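Chemist: If you read the sequence shown in this note's numbering, its first letter stands for residue 1044, the second for the next number, and so on.
Each residue gets a CB set at the ideal place from its N, CA and C atoms; glycine is no exception.
Just so it is clear, the structure is predicted and the values come from calculations on it, not from any experiment.
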Amino acid sequence: MNRGRLKTAFWGAALCMLLCSLTFLFMPLVGRQALGGRVLPTRLLGVWFWLALIAGAALFIIADRGRRALQSEPDSAPPKRKKQPAETPQLPPKRAYPGALRFFSNKWARAADVLCAASILGFALVMLTAPRSYAAYVLLCLLVFTLMMHGTLNGANFSFFTQSEKPKPKNRAQKKHSPKKQSQHSPKKQLQGGRR
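#1: Counting contacts by CB-CB distance shorter than 8 Å, is L1087 in contact with chain B?
#2: Taking just the CA atoms, how far does L1078 sit from P1065?
#3: From what residue to what residue does the alpha helix (DSSP H) around F1069 run?
#4: I'd like to check one pair, T1189 with L1158: are the Cβ atoms closer than 8 Å?
#5: DSSP three-state call for F1147: helix, strand or coil?
#6: Measure the beta-carbon distance from G1099 to M1060 and round it to whole angstroms, keeping in mind my assumption that it falls under 8 Å.
#7: Which residues mark the beginning and the end of the alpha helix (DSSP H) in which S1202 is found?
#8: Out of curiosity, what's the CA-to-CA distance linking F1204 and K1050?
#9: Excluding the five sequence neighbours on either side, which residues of its own chain have a C-beta within less than 6 Å of the C-beta of D1107, listed in chain order?
#10: Tell me the rounded alpha-carbon separation between N1197 and G1080.
#11: CB-CB under 6 Å to M1192, same chain, minus the five flanking residues each way: which ones, in chain order?
#12: Going straight from the alpha carbon of A1160 to that of S1115, what length do you get?
#13: Please report how far the alpha carbon of A1173 lies from the alpha carbon of F1166, in whole angstroms.
#14: DSSP three-state label for Q1084, please.
#15: Which same chain residues end up closer than 7 Å to R1153 when comparing Cβ atoms and leaving out the 5 residues on each side of it in sequence?
#16: Under 6 Å Cβ to Cβ from L1102, same chain only, skipping five residues before and after it: list those, please.
#17: Check whether the Cβ atoms of L1062 and A1095 sit closer than 8 Å, and answer yes or no.
Quick look at the structure:
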């Protein structure tokens, strides 16, 4: 699978995470209808939640495995590297932590991390003061979504699919300078005057 399709799968996973989180906003409505004997809306909301969650997880796994496969493929024409002197110590590669264990990796991740922390505090405060208010469901929706985005935006997949592809350096053809046109004017004829 090419990079474009993998990128589409990644953003499709993010969209499914959003759809999964939005189900919490409808829970009070379907809860009242369930008390009235209408069970169908509750079942439909449950199907919506699980379908979005499973589809998001599947698309994320596809994007992650495709990204690993692309990174493991050697370049078709790798650039020639200059030989480093033997005395230069080689540092070990940095360990790549999962996105859930990383924080503030980029500007989008910083926004998600701040919103996640704020939603956790807000949800805890509402549950202590007004647990039956609709604000609790709104904050729960925000909490679930930002928590998913925290792991997604801090991960390697986001940085891989959003990094700008650097253009390959073009081999500038050496300009062939045409030889300077020699003046076509004939040299002045020296008058050969015999000195007497």
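Modeler: According to the structure shown:
#1: The structure shown contains no chain B, having only a single protein chain.
#2: The amino acid at residue 1065 is misidentified as Pro; the sequence shows Leu. Near 21 Å, if we compare the C-alpha coordinates of L1078 and L1065.
#3: That residue, F1069, is in no alpha helix (DSSP H); it is neither H nor E in DSSP.
#4: yes
#5: coil
#6: 5 Å
#7: A1199 to T1205
#8: 6 Å
#9: N1200
#10: 44 Å
#11: A1155
#12: 35 Å
#13: 10 Å
#14: Reading off the sequence shown, one finds Pro at residue 1084, where the question assumed Gln. If DSSP states are grouped into helix, strand and coil, P1084 belongs with the helices.
#15: F1147
#16: A1052, G1055 and A1056
#17: yes
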